[in-house]
Structures are given as C-alpha cells and as structure tokens.
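Input: a single structure, listed below in structure tokens.
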Amino acid sequence: DVDGQCIDRFDGYKAQVLEFTADELAKLQNGTDTNITNARARYLAWAAHLGQDPYTAGVTPVNQQVSNTNNQTLVLVLIISVVGATLLGSYLIVIKRRKQN
Numbered sequence: 244d245v246d247g248q249c250i251d252r253f254d255g256y257k258a259q260v261l262e263f264t265a266d267e268l269a270k271l272q273n274g275t276d277t278n279i280t281n282a283r284a285r286y287l288a289w290a291a292h293l294g295q296d297p298y299t300a301g302v303t304p305v306n307q308q309v310s311n312t313n314n315q316t317l318v319l320v321l322i323i324s325v326v327g328a329t330l331l332g333s334y335l336i337v338i339k340r341r342k343q344n
C-alpha cells in the first residue's frame with residue numbers, strides 16, 4: 244500500500260515463493276481464501292510491473308510478456324467479434340421473419 248513497495252519487497256517474496264513446496268505453491272496459485280487471493284493478486288501485480296515471471300527464477304523479458312498479453316487480447320477480441328456477429332445475424336433473421344409474417 245506504499246508507492247514503490249514492489250521494488251522493495253518483490254525480491255524477498257519471490258525468493259520465498261520459489262522455496263515453496265508443491266502443496267504450498269498450489270495453495271498460493273489456487274487458494275480461494277480472501278487473504279490468499281489478495282496476496283496472489285498483489286504478488287502477480289508486482290511481478291507484472293517489474294516484468295518478471297512470478298514462479299521461475301530470473302526475469303522474463305518484458306517483450307515476451309507484452310506478446311503474450313497481445314495474443315490473449317487478440318483471442319478475446321476475436322471471440323467477442325464472432326459472438327457479436329452471430330447475435331447480430333440471428334437478430335436480423337428474426338426481424339426479417341417477423342416482417343414476413
């Protein structure tokens with residue numbers, strides 16, 4: 244909750260996360276308890292801000308993260324476009340049939 248805290252705290256937290264057992268890591272990644280989800284969200288936000296992969300040692304190149312984000316965004320836009328076009332087409336067909344009747 245302090246400006247720049249990710250710079251000061253991320254390395255220490257990442258070191259702890261990298262030492263987690265498989266069970267502890269699964270709890271962090273999949274836990275639904277409010278404290279766990281808040282901790283996970285903050286940790287992932289810090290990692291994203293610093294351009295790091297939160298679950299592996301070292302730094303993930305920022306351009307790779309941007310590429311992954313762009314790919315995910317593109318897929319999301321395509322899905323929304325297809326669903327929207329399908330709904331619009333269905334609506335137009337229903338309107339045309341109502342006018343014929």
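The opening residue of the sequence shown carries number 244 in our numbering; numbering runs sequentially from there.
Note that the Cβ used here is the ideal one computed from N, Cα and C, for glycine as well.
Item                                                                                             : Value
At least 3 beta-carbon pairs within less than 8 Å: the stretch 321-336 vs the stretch 282-296    : no
Whole-angstrom distance between Y286 and A258, CA atom to CA atom                                : 12 Å
Coarse secondary structure for Q295, derived from DSSP in three states                           : coil
Within the stretch 248-288, ranges of the alpha helix (DSSP H) (whole runs, at least 4 residues) : 248-261 and 265-273
Helix, strand or coil at N314 according to DSSP, with G and I counted as helix                   : helix
Proximity to G301 [Cα-Cα], best of T329, L261 and G247                                           : L261
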